[in-house]
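Undergrad:
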Amino acid sequence: DRTTKEDVYERFRQVAAGHQAAAPAIHLYCPWDGHKFVRDETSCPECSTPRGTTNGKAPWRKVLYEDQPYEDNYTHKPTFLIGMITNANKREYDTVMLIIDSAAVTAQISIIALFILMFIAIYNESVSLQFTLAGEALLLIAGFVLRRMIDPRFTEKYLLRGVRSLVVLVCTLFGLSPVLKTLVESVSNDTIWALTIFFFVLHLAFADYSYLQGNAERMSAPVSLNAAIFASVLLGSRLSGSMQVFTLLCFAVLIFALFPMIRHHVKRKSLRLHLWLTWGMVAIVTVCLFNVYPLVAYAYTSTIVFTTFICPMWLKWMQRYKYEINGPWDEAVPAVENRSDLQSS
Numbered sequence: 001d002r003t004t005k006e007d008v009y010e011r012f013r014q015v016a017a018g019h020q021a022a023a024p025a026i027h028l029y030c031p032w033d034g035h036k037f038v039r040d041e042t043s044c045p046e047c048s049t050p051r052g053t054t055n056g057k058a059p060w061r062k063v064l065y066e067d068q069p070y071e072d073n074y075t076h077k078p079t080f081l082i083g084m085i086t087n088a089n090k091r092e093y094d095t096v097m098l099i100i101d102s103a104a105v106t107a108q109i110s111i112i113a114l115f116i117l118m119f120i121a122i123y124n125e126s127v128s129l130q131f132t133l134a135g136e137a138l139l140l141i142a143g144f145v146l147r148r149m150i151d152p153r154f155t156e157k158y159l160l161r162g163v164r165s166l167v168v169l170v171c172t173l174f175g176l177s178p179v180l181k182t183l184v185e186s187v188s189n190d191t192i193w194a195l196t197i198f199f200f201v202l203h204l205a206f207a208d209y210s211y212l213q214g215n216a217e218r219m220s221a222p223v224s225l226n227a228a229i230f231a232s233v234l235l236g237s238r239l240s241g242s243m244q245v246f247t248l249l250c251f252a253v254l255i256f257a258l259f260p261m262i263r264h265h266v267k268r269k270s271l272r273l274h275l276w277l278t279w280g281m282v283a284i285v286t287v288c289l290f291n292v293y294p295l296v297a298y299a300y301t302s303t304i305v306f307t308t309f310i311c312p313m314w315l316k317w318m319q320r321y322k323y324e325i326n327g328p329w330d331e332a333v334p335a336v337e338n339r340s341d342l343q344s345s
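Take the sequence shown: its letter number 278 is residue 278 in full-length UniProt numbering, and every next letter is one higher.
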C-alpha cells in the first residue's frame, strides 16, 4: 500500500530529525562542588552555577591517593568550612572573680607606693632609722611565723636555711651600702626619677602574677625583682648617709623579695585573708598619701579603682568581640596526657 509506505517513511524522517535536533547531554554533576543534579534542576542549589550542557566531572573527594580531574589548588566550597570551629577556647569570665584576681596587681601597685613613702620618710628624716630597722625586723619575724602557720612544708630545716641566707644578705647589704650610695651619685636627679619610674613599671609588667595568685609552685620573675632592686638602689643614691641606704635596701628586700612569698601562701590558704591583706595595704597607703601629698593620693586612688574595677569590667565587655576560628588548616597539635608519655616515646 503506497499510503502506508509513505507514512512509514515520514515517520522515520521525523524520528531521525528529532534525534538530530535533540539537546546535547547536560551535566550530571556540578563541576564546582560535585552536586548530583536531579532531572528538573537548572542550576546548582549549593553554588548557584547554571547547569551545563556536557557531562560533568565526578564529585571531588578529599583524598590524595586518587588522580582526580581537579586542579591542585581546587577548593571544595561546600565542605571547606565544615570543619571550622569558632571560639573553641573562648572562656566566659565572671566579673566578681576578675575583680578578685585583680587584687594581685593592686597589691603590686600598693607595694611600690609603700616603698616610695618609706623613701620619702627616710629622705626627709621623718622617722628614726633605729625605729625603722626594728619595725622591719618585727615584720620579718611575723612573716616567718605566718609562713610556719599556713605552710606545713616550712619545717625548721627550711627556717634555719632561710635565716642563714638572710643573715648573709643583710651583712652583704651593710658592707655594700657605702658603695651603693656613691654608685650613681654623679647622675642628675631628673635622670634618677625617670629611671626609677621606668624600672618600677618594668617591675609591674614582669611580675610573676601566676605565683602571686597561688597557681605556680615557684616564683620565676628575675626581671621584675632585679628592676625593683635597681630602682631601690637609684633612690638610695639620693640619701645622705650609708645607714639610710642600708635601711632602705633592707626594706626593699623585705617587700619585693620576701613579701611575695607570704602573699603566695596566704592566697593558697585563704582567699578572704588574701583580700584583707591587699585592701589593708591599700588603706595604709591611701591614709599616708593623704597626709603627705593629697594630689598624689587622688591619683593613687584613681589608679586602684581603674585597675580593680574598671579593667575587669572592660575585659568582660570586650569578650563579646572575640572571634577565634580553628579548622583543618591549622597545624596539628599532639595530645600528650602527661610528661611520661612524651619521654617514653
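We put the CB at the ideal spot given by N, CA and C, even for glycine.
None of the values given here were measured: they were computed from a predicted structure.
Exposed or buried, which one is Q319 when buried takes at least 16 other CB atoms within 10 Å?
TA: Mapped onto the sequence shown, residue 319 falls at position 319. When all chains shown are included, Q319 counts as exposed.
Undergrad: So if DSSP puts P50 in a beta bridge, which residue, or which two residues, is it bridged to?
TA: As a working note, residue 50 is residue 50 in the sequence shown. P50 is bridged to S43.
Undergrad: Let's test the definition: count the other Cβ atoms within 10 Å of the Cβ of L273 and tell me whether it reaches 16, buried, or not, exposed.
TA: Walking along the sequence shown from the start, residue 273 turns up at place 273. By the neighbour-count rule (16 or more Cβ atoms within 10 Å), L273 is not buried but exposed.
Undergrad: Starting from V201 and walking both ways along the alpha helix (DSSP H), at which residues does that stretch end?
TA: The sequence position of residue 201 within the sequence shown is 201, counting from 1. First-last of the alpha helix (DSSP H) with V201: 189-205.
Undergrad: Look at the alpha carbon of V163 and the alpha carbon of W314, and state the distance between them as a whole number of angstroms.
TA: Locating residue 163 in the sequence shown gives position 163, counting from the first residue. Locating residue 314 in the sequence shown gives position 314, counting from the first residue. Each residue's Cα considered, the two are about 44 angstroms apart.
Undergrad: What does the Cβ neighbour count give for Q130, buried or exposed, with the cut at 16 atoms within 10 Å?
TA: As a first step, residue 130 must be located in the sequence shown, where it is residue number 130. Answer is exposed; the Cβ neighbour count stays below 16.
Undergrad: Within the same chain, show all residues whose beta-carbon is closer than 8 angstroms to that of L250, passing over the 5 residues directly before and after it, in chain order.
TA: Residue mapping note: residue 250 aligns to position 250 of the sequence shown, counting from 1. In the sequence on display, residue 250 carries Cys and not Leu. These residues qualify, in order along the chain: L133, E136, V170, L173.
Undergrad: What three-state label does DSSP hand Y29 in the structure shown?
TA: Taking the sequence shown and counting its residues from 1, one reaches residue 29 at position 29. The answer is strand: DSSP assigns Y29 an E or B state.
Undergrad: Rounded to whole angstroms, what is the Cα-Cα separation between A231 and L195?
TA: Within the sequence shown, residue 231 is the residue found at index 231, counting from 1. Within the sequence shown, residue 195 is the residue found at index 195, counting from 1. Going from the Cα of A231 to the Cα of L195 covers about 7 angstroms.
Undergrad: Whole angstroms is fine: what's the gap from V184's alpha carbon to I310's?
TA: Indexing the sequence shown from 1 puts residue 184 at position 184. Indexing the sequence shown from 1 puts residue 310 at position 310. Each residue's Cα considered, the two are about 39 angstroms apart.
Undergrad: Is the beta carbon of T247 closer than 8 angstroms to that of I111?
TA: Position 111 of the sequence shown, counted from the start, is the residue given in the question as residue 111. Position 247 of the sequence shown, counted from the start, is the residue given in the question as residue 247. No, the pair does not count as a contact, with Cβ atoms beyond the cut-off.
Undergrad: Taking just the CA atoms, how far does T75 sit from D208?
TA: In the sequence shown, the residue the question calls residue 208 occupies position 208. In the sequence shown, the residue the question calls residue 75 occupies position 75. Cα-Cα distance, rounded: 46 angstroms.
Undergrad: Give me the Cβ distance between P59 and Y93, rounded to the nearest whole Å; I'm assuming they're in contact under 8 angstroms.
TA: Position 59 of the sequence shown, counted from the first residue, corresponds to residue 59. Position 93 of the sequence shown, counted from the first residue, corresponds to residue 93. Not quite, the Cβ-Cβ distance comes to about 45 angstroms (not below 8 angstroms), so this is no contact.
Undergrad: Check whether the Cβ atoms of L239 and K316 sit closer than 8 angstroms, and answer yes or no.
TA: Residue mapping note: residue 239 aligns to position 239 of the sequence shown, counting from 1. Residue mapping note: residue 316 aligns to position 316 of the sequence shown, counting from 1. No; because the gap between Cβ atoms is not below 8 angstroms, this pair is not in contact.
Undergrad: Just to confirm, are T286 and I109 a CB contact at a threshold of 8 angstroms?
TA: Indexing the sequence shown from 1 puts residue 286 at position 286. Indexing the sequence shown from 1 puts residue 109 at position 109. Contact: no.
Undergrad: Take I197 as the anchor and find which of E71, I304, I82, L234 has the nearest alpha-carbon.
TA: Position 197 of the sequence shown, counted from the start, is the residue given in the question as residue 197. The shortest C-alpha separation from I197 is found at L234.
Undergrad: Per DSSP, K36 forms a beta bridge with which residues?
TA: For this step, residue 36 is matched to residue 36 along the sequence shown. For K36, which the question treats as bridged, DSSP gives the partners Y29.
Undergrad: Do Q213 and A297 come within 8 angstroms of each other at the CB atom, strictly closer than that value?
TA: One-based indexing of the sequence shown puts residue 297 at position 297. One-based indexing of the sequence shown puts residue 213 at position 213. Cβ atoms of A297 and Q213: not closer than 8 angstroms.
Undergrad: Return yes when the Cβ of N87 is within less than 8 angstroms of the Cβ of Y323, no when it is not.
TA: In the sequence shown, counting from the first residue as 1, residue 323 sits at position 323. In the sequence shown, counting from the first residue as 1, residue 87 sits at position 87. Going by C-beta atoms, Y323 is nearer than 8 angstroms to N87.
Undergrad: Confirm, please, whether the CB-CB distance from T278 to A107 is below 8 angstroms.
TA: The residue labelled residue 107 in the question sits at position 107 within the sequence shown. The residue labelled residue 278 in the question sits at position 278 within the sequence shown. Cβ atoms of A107 and T278: closer than 8 angstroms.
Undergrad: A227: buried (16+ other C-beta within 10 angstroms of its C-beta) or exposed?
TA: As a working mapping, residue 227 is identified with position 227 in the sequence shown. Classification of A227: buried, given that the 10 Å Cβ count is 16 or more.
Undergrad: Evaluate the contact criterion for the segment 215-227 versus the segment 152-160: three or more CB pairs, one atom per stretch, below 8 angstroms.
TA: Counting Cβ pairs under 8 angstroms, fewer than three are found: no touch.
Undergrad: Round the Cβ separation of I192 and S237 to the nearest angstrom and send it over; I've been treating them as touching at under 8 angstroms.
TA: Position 192 of the sequence shown holds residue 192. Position 237 of the sequence shown holds residue 237. Sure, about 7 angstroms apart at Cβ, within 8 angstroms.
Undergrad: Is it the case that the Cβ atoms of I150 and K267 are separated by a distance below 8 angstroms?
TA: Within the sequence shown, numbered from 1, the residue matching residue 150 stands at position 150. Within the sequence shown, numbered from 1, the residue matching residue 267 stands at position 267. No; because the gap between Cβ atoms is not below 8 angstroms, this pair is not in contact.
Undergrad: Can you tell me the Cα-Cα spacing of L204 and G327, whole angstroms?
TA: Counted from its first residue, the sequence shown places residue 204 at position 204. Counted from its first residue, the sequence shown places residue 327 at position 327. Taking the straight line joining both Cα atoms gives about 37 angstroms.
Undergrad: What residues in its chain sit with their C-beta under 6 angstroms from that of S177, if we drop five residues either side in the sequence?
TA: For this step, residue 177 is matched to residue 177 along the sequence shown. Around S177: S242, V245, F246.
Undergrad: State the CB to CB distance for the pair C44 and K77, rounded to an integer number of angstroms; the pair is presumed to be in contact (CB under 8 angstroms).
TA: In the sequence shown, counting from the first residue as 1, residue 44 sits at position 44. In the sequence shown, counting from the first residue as 1, residue 77 sits at position 77. That pair is no contact at about 10 angstroms.
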